[in-house]
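Mapping of the sequence shown onto our numbering: residues 204 to 305, in sequence order.
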Amino acid sequence: AMQVPVIGWAPLRSLEQMPSLLVFLGYQVLEACDIYRSRAKAPMSGPRFFAFRALVFAALAAAGAGVAYALVQMGVFMPLGARIRGLFFEAMKTGNPLVDSV
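Written out as structure tokens, the structure is:
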């Protein structure tokens, strides 16, 4: 759900949309590995290609974790929205049964 024009990079900073972005980037890496395999001079066997993909994903995961840690420390990411927080945290009790029932 990208807004055009992007307002303050909010869609890319939102933790709610980060899993979708990671799935998209994961498929891009899978395709890049397939392109590399098809253009390689020597044919790559199945187990070797699996090891190649695992190595690529491990390297990218380590680099991504380092970058994400640095960005979290700088406060780049926005906090979770109220809809997501409501799934994990208990709501405050106001004492009003009509409000508390929602």
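Ideal placement from N, C-alpha and C gives every residue a C-beta, glycine not left out. Nothing here was measured: the structure is a model prediction, and the numbers come from that model.
- Straight across, the Cα-Cα distance linking ARG288 with PRO282 is about 9 Å.
- Scanning its chain for C-beta atoms nearer than 8 Å, with the 5 sequence neighbours on each side dropped, one finds around LEU263 the residues VAL232, in chain order.
- Secondary structure note for LEU283: it is in no alpha helix (DSSP H), with a DSSP letter that is neither H nor E.
- Judged by DSSP secondary structure, GLU234 falls within the alpha helix (DSSP H) whose first and last residues are 221-242.
- With contacts defined by Cβ atoms closer than 8 Å, CYS236 and ARG256 form a contacting pair.
- Distance between VAL279 and SER223, taken at the CA atoms: about 18 Å.
- According to the DSSP assignment, MET277 belongs to the alpha helix (DSSP H) that extends over 249-277.
- Inter-residue distance for LEU258 and ALA245 is about 19 Å (C-alpha atoms, whole angstroms).
- For the pair ALA254 and PRO214, the Cα-to-Cα distance works out to about 34 Å.
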